[in-house]
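K.L.:
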DNA sequence: TTGAAAGCGCTAACAC
DNA sequence: GTGTTAGCGCTTTCAA
């Protein structure tokens, strides 16, 4: 096909200089109305759509924002991305994404690769990065927002909540309903540091209350409804007297309730189930599963907002920390 | 912070010219082993990580691949993205994403904005774009893959399957189990053209078999488990004699089964439910919901593969069409 | 095998 | 208000 249109083509078509065309297209002030109109018209006519590469190189700032998540299979992260995408809409910034698969080495490579696009900012998941990654990030000199977690020292800004506290709080809430034979079922705890933090908080609350953990099963690999079923089956076979199970998240809890209902157990009367996140799937079983509702979309929006603000301001996030605490939903558990 | 490292810094540190450094870093042949090692070492030492912006501008091809999806709230699309991300891992290409919210005007703007990053290729969802968008795309002169659908004329390459056929086939399968009082419940049919195509195929199969549609309810807005509950409630109140409901997707079907189980209906003995996609959530109710399992991850992988192939080859996808047909899973329905 | 020169398409900074 | 001059940091081309 014919050569791609450049600013020079627009300028020629509009009968002005390249520079005036550039200014008119970007909405710079100090351009006459007449020029603006002619340039815009010319651009539209010849089907010009700019070259961010050249613009970014020239102005040494790209309107690209990197978003790094551990996985896309867990709906939580697409929801964060969705929040980012919403906040970025209409700003001219474009999100670039990378998936680490909960692997810190991959995370390093992805971040490194993203940085070479000279993004305006980076949104990454969690507070735990390798030393090399932290060095890379702090040398990048762009706003960084760590999301989902605030149990630790952020590199720059962060938006999230304390998973440790979330685990602690739900344990206390479950204890307050009278449950005493409480088990724990979790997945991917070696890699998912946030799930591990919730577990820690959960166990601490039990200990604080003098209630021993009545049983525990864990598995490796990503959480899913199927793994939840399996873990529920396993824990209930090994510890049949449980009156409550805390799952590391809602996917597992959903699998758990399916198993329990199928085997004729009354949920939550006979066995209380609790998960984490407040996913849509929980609404399929209204009131039956306790959970901590997290604000994933809002976290994504807030993270993008911080970057936007920094970019438009002095380039610094000011080390902002936004805490969006989950809200506990006990549903029918509290009456039982 | 100190000025960012450039190729000149690396060259200086390695005692070679900028050009040799560039070649060494990119693994060009015709560079001496000695130079390669010195340059690599120098780069590592000073913490150099390149500038894709400059490289892309200079070589007029960016290692960026645009991925445009209608929504992130529907797990199907993150799964496609996940497939893309997997296929791109280690190739140096980075995915950029955009969300259209099923809005063709937004789609146009997003694609336009993406094109100005001069991506190596574009992966977009579906076959229905506005005339303006199609013009934009065909003028872009890069490989384009349309995903998820193949009912229509692709712009370039496409990876997907016929939704119309998928709807037709599941209807035939349900009819074969003996169901005759079949209802349809759907969401977002005005915007989700693929769901609408499935419905069309479904209705056509019923008509072909001389079985009238026994009832229909629809709603606007994105599908979710909650909307599935509501639709199930509505359709069963209006048409209590149904022996089967086909939902526009699995999210709705999952909401439907929750409603049915809660109200004490036997699934699938009393009422058969069918969805679409084969989501993980269906596994929570093993065998109880019929569905067509779609290969989202594989579709994403294949789409990215086509682009990669085209970029490494002559720049053309050759108008490839990859059909990944869904497989029907009837579970316990077939025995009922 | 290496290097020097010439851009890629745009914008910042300064004239006019 | 508009144009001119220099780059941004790399790669392509061509010469050595």
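Chains as they are written, first to last, in UniProt numbering: chain U, 1 to 336; chain F, 1 to 336.
A virtual CB, placed ideally from N, CA and C, is assigned to each residue, including glycine.
1) Which same chain residues, not among the five before or five after residue 217 of chain F, have their C-beta less than 6 Å away from its C-beta?
2) Using 8 Å as the threshold, is the region 83 to 97 of chain F in touch with the region 96 to 114 of chain U, meaning 3 or more CB pairs across them?
3) Would you mind stating whether residue 256 of chain U and residue 215 of chain U have Cβ atoms separated by less than 8 Å?
4) Short of 8 Å in beta carbon distance, which residues of its chain neighbour residue 211 of chain U, apart from the five on each side in sequence? Order them along the chain.
5) What does residue 51 of chain F reach in chain U if we use C-beta pairs closer than 7 Å?
6) Would you report the Cα separation of residue 124 of chain U and residue 219 of chain U, rounded to the nearest angstrom?
7) State the start and end residues of the unbroken alpha helix (DSSP H) segment that holds residue 82 of chain U.
8) Just to confirm before moving on: does the CB-CB distance between residue 198 of chain U and residue 248 of chain U stay below 8 Å?
9) So, is the C-beta of residue 34 of chain U closer than 8 Å to a C-beta in chain F?
10) Return yes when the Cβ of residue 85 of chain U is within less than 8 Å of the Cβ of residue 96 of chain F, no when it is not.
11) At what residues does the alpha helix (DSSP H) containing residue 294 of chain F begin and finish?
12) Roughly how many whole angstroms lie between the Cα atoms of residue 328 of chain F and residue 290 of chain F?
13) Can you tell me which of F:194, F:302, F:326 puts its alpha carbon nearest to the alpha carbon of residue 317 of chain F?
14) Pull the bridge partners of residue 247 of chain F from the DSSP assignment, please.
15) Using a Cβ-Cβ cutoff of less than 6 Å, which residues in the same chain neighbour residue 152 of chain F once the five nearest sequence positions on both sides are dropped?
16) Under 8 Å: do the region 25 to 44 of chain F and the region 58 to 65 of chain F share three or more Cβ pairs, one atom per stretch?
17) So, is the C-beta of residue 79 of chain F closer than 8 Å to a C-beta in chain U?
18) Mind listing, in chain order, the continuous alpha helix (DSSP H) runs of no fewer than 4 residues lying wholly within the region 119 to 202 of chain U?
19) What are the start and end residues of the alpha helix (DSSP H) that includes residue 8 of chain U?
20) Can you find at least 3 beta carbon pairs, one from the region 267 to 279 of chain F and one from the region 236 to 245 of chain F, that sit closer than 8 Å?
21) For the region 227 to 244 of chain U, which residues have a CB atom closer than 9 Å to at least one CB atom of chain F, in sequence order?
22) So, residue 102 of chain F versus residue 33 of chain F, is the Cβ gap smaller than 8 Å?
23) Does residue 353 of chain U have its Cβ less than 8 Å from a Cβ in chain F?
24) Hey, would you say residue 321 of chain U sits closer than 8 Å to residue 154 of chain U, going by beta carbons?
25) Name the chain F residues that come within less than 8 Å of residue 260 of chain U, Cβ to Cβ?
26) Which word fits residue 280 of chain U, buried or exposed, when buried means at least 16 other C-beta atoms lie within 10 angstroms of its C-beta?
27) For residue 83 of chain U, which residues from the same chain have a beta carbon less than 8 Å from its beta carbon, with the 5 sequence-adjacent residues on both sides left out?
28) Could you check if residue 271 of chain U belongs to the surroundings of the ligand FMN, using beta carbon to heavy atom distance under 7 Å?
29) Among U:335, U:169, U:115, U:323, which has the Cα closest to the Cα of residue 275 of chain U?
30) Excluding five sequence neighbours on each side, which residues of the same chain lie with their C-beta closer than 6 Å to the C-beta of residue 23 of chain F?
31) Since I believe residue 53 of chain U is in contact with residue 49 of chain F (beta carbons under 8 Å), could you give me their beta-carbon distance rounded to a whole number of angstroms?
32) For residue 158 of chain U and residue 146 of chain U, what's the separation of their Cα atoms in angstroms?
33) Cutting at 8 Å between CB atoms, please list the residues of its own chain near residue 331 of chain F, excluding the five before and the five after it.
34) Under 8 Å Cβ-Cβ, which residues of chain U neighbour residue 72 of chain F?
35) Residue 315 of chain U: buried (16+ other C-beta within 10 angstroms of its C-beta) or exposed?
36) Roughly how many whole angstroms lie between the Cα atoms of residue 14 of chain F and residue 311 of chain U?
P.N.:
If we stick to the structure as given:
1) 185, 231, 234, 235
2) Touching, yes, given that three or more Cβ pairs across the two stretches are closer than 8 Å.
3) no
4) 175, 180, 182
5) Correct list: 116, 118.
6) 26 Å
7) Annotation: the continuous alpha helix (DSSP H) that includes residue 82 of chain U extends over 76 to 88.
8) yes
9) no
10) no
11) For residue 294 of chain F, no alpha helix (DSSP H) run applies, since DSSP gives it neither H nor E.
12) 7 Å
13) F:302
14) F:185
15) 127
16) No: fewer than three Cβ pairs fall under 8 Å.
17) Taking CB atoms only, residue 79 of chain F has a neighbour in chain U less than 8 Å away.
18) 131 to 140, 163 to 176
19) 7 to 14
20) yes
21) 228, 229
22) no
23) Absent from the model: residue 353 of chain U. The displayed extent of chain U is 1 to 336, so no value can be given.
24) yes
25) Correct list: empty, because the minimum Cβ distance to chain F is about 11 Å.
26) buried
27) Cβ within range, chain order: 296, 297, 298, 299, 300, 301, 302, 303, 304.
28) With respect to the ligand FMN, the structure offers nothing, as it holds no ligand at all.
29) U:169
30) If we look at residue 23 of chain F and ignore the five residues flanking it on each side, its Cβ neighbours are 31.
31) Not quite, the Cβ-Cβ distance comes to about 17 Å (not below 8 Å), so this is no contact.
32) 5 Å
33) The residues are 268, 286, 287, 288, 289, 290.
34) What residue 72 of chain F touches in chain U: 78, 79, 81, 82, 85.
35) exposed
36) 35 Å
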